[in-house]
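Just so we're aligned: the sequence shown equals residues 9 to 84 in the working numbering.
Reviewing the structure listed below.
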Amino acid sequence: MQIEQGQLMSLFQGINNFQEKIVIYGVENEEVKRIEIVDEDIKTIWDTKIGTLFSQIYQNAVQSSCYPDSKQTNMV
C-alpha cells in the first residue's frame with residue numbers, strides 16, 4: 009500500500025525472476041485506477057503482448073466477416 013494524492017492506494021505487482029513486470033494500482037474499495045506495464049515484452053496467457061495487431065487476434069474481423077452497424081454515426 010502507498011499514499012497517492014492523499015488517498016490510500018493498494019498496489020499489486022507482477023514479478024518474475026525478481027524483476028517487476030506490471031503494477032496494478034487501486035483505491036481502498038478495490039477499484040482499478042491505473043495499470044503500469046514495466047516490461048513491454050510481457051505476454052498474456054493468450055501469447056499477446058503490447059503491439060500485437062488486432063488482426064492477429066481476431067482474424068475473422070478483418071476478413072469481411074464483420075461489418076459496422078449502419079445506425080452508428082460516430083464510427084471512424
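C-beta atoms are modelled at their ideal positions from N, C-alpha and C, and glycine is treated no differently.
- Item | DSSP-derived helix/strand/coil call for residue 62 | Start at 1 with the first residue of the sequence shown, and residue 62 comes out as number 54. Here residue 62 sits in helix by DSSP.
- Query: Where do the ends of the beta strand (DSSP E) carrying residue 92 lie?
  - Reply: Because the chain is modelled from 9 through 84, residue 92 falls outside the range shown and cannot be assessed.
- Are the beta-carbon atoms of residue 30 and residue 40 separated by less than 8 Å? Within the sequence shown, numbered from 1, the residue matching residue 30 stands at position 22. Within the sequence shown, numbered from 1, the residue matching residue 40 stands at position 32. Pairing residue 30 with residue 40 gives a Cβ-Cβ distance that is not under 8 Å.
- Message: Could you check whether residue 17 and residue 34 sit closer than 8 Å to each other, using their CB atoms as the reference points?
- Response: The residue given as residue 34 occupies position 26 in the sequence shown. The residue given as residue 17 occupies position 9 in the sequence shown. Between residue 34 and residue 17, the C-beta spacing is below 8 Å.
- Would you tell me roughly how many angstroms separate the C-alpha atoms of residue 44 and residue 19, rounded to the nearest one? On the sequence shown, position 36 is the one that residue 44 refers to. On the sequence shown, position 11 is the one that residue 19 refers to. Answer to the nearest angstrom: the Cα atoms are 11 Å apart.
- Query: Relative to the C-alpha of residue 25, which residue among 61, 55, 47 and 11 is closest?
  - Reply: Residue numbering aside, residue 25 sits at position 17 when the sequence shown is read from its first letter. The shortest C-alpha separation from residue 25 is found at 47.
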